[in-house]
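Numbering (my numbering), first residue to last: 41 to 141.
Report on one structure; see the data block that follows.
Written out as structure tokens, the structure is:
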């Protein structure tokens, strides 16, 4: 791991649009980079989008195992909220991350 200690949350979560009554949502996770094709794909899908974007792109985007657990917990909370509160039935997941991120 790039760090010996947990850092402050190394990513930002951005609910770009109102979910409303949309049965489908796109979640874009950009850890190593946020390629234009990923952004265009999210736009082309046309569903409300949630972005999770690393504050520092690259293999050190998740610098410590505890930060990885934090991201996992955050994503689980988002999925639960989408299901329980918004009745979302399908999630389109777009990810740009290396196995080291």
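Cβ atoms here follow ideal geometry from the backbone N, Cα and C, with glycine treated the same way.
Bear in mind the structure is a predicted one, so any value in this text is a computation, not a measurement.
Rounded to a whole number of angstroms, what is the C-alpha to C-alpha distance between residue i and residue j?
| i | j | result |
| --- | --- | --- |
| residue 127 | residue 109 | 26 Å |
| residue 45 | residue 118 | 26 Å |
| residue 77 | residue 125 | 30 Å |
Can residue i and residue j be called in contact, C-beta distance under 9 Å?
| i | j | result |
| --- | --- | --- |
| residue 63 | residue 129 | yes |
Tell me where the beta strand (DSSP E) around residue i begins and ends.
| i | result |
| --- | --- |
| residue 113 | No beta strand (DSSP E) holds residue 113; the alpha helix (DSSP H) holding it covers 105-124. |
| residue 66 | 64-70 |
| residue 45 | Unbroken run through residue 45: none, as it is neither H nor E. |
| residue 142 | This structure leaves residue 142 out entirely; the chain is present only between 41 and 141. |
| residue 59 | Run containing residue 59: none; DSSP gives neither H nor E here. |
Going by beta carbon distance, what residues of the same chain come within less than 6 Å of residue i, once the five residues before and after it are set aside?
| i | result |
| --- | --- |
| residue 66 | 82, 85, 87, 89, 132 |
| residue 92 | 51, 53, 69 |
Output the boundary residues of the alpha helix (DSSP H) element that contains residue i.
| i | result |
| --- | --- |
| residue 77 | 76-85 |
Residues in its own chain within less than 7 Å of residue i by CB, not counting five upstream and five downstream?
| i | result |
| --- | --- |
| residue 47 | 103, 104, 107 |
| residue 100 | 42 |
If you drop the 5 nearest sequence neighbours on each side, which residues of the same chain put their C-beta closer than 8 Å to that of residue i?
| i | result |
| --- | --- |
| residue 57 | 88, 89 |
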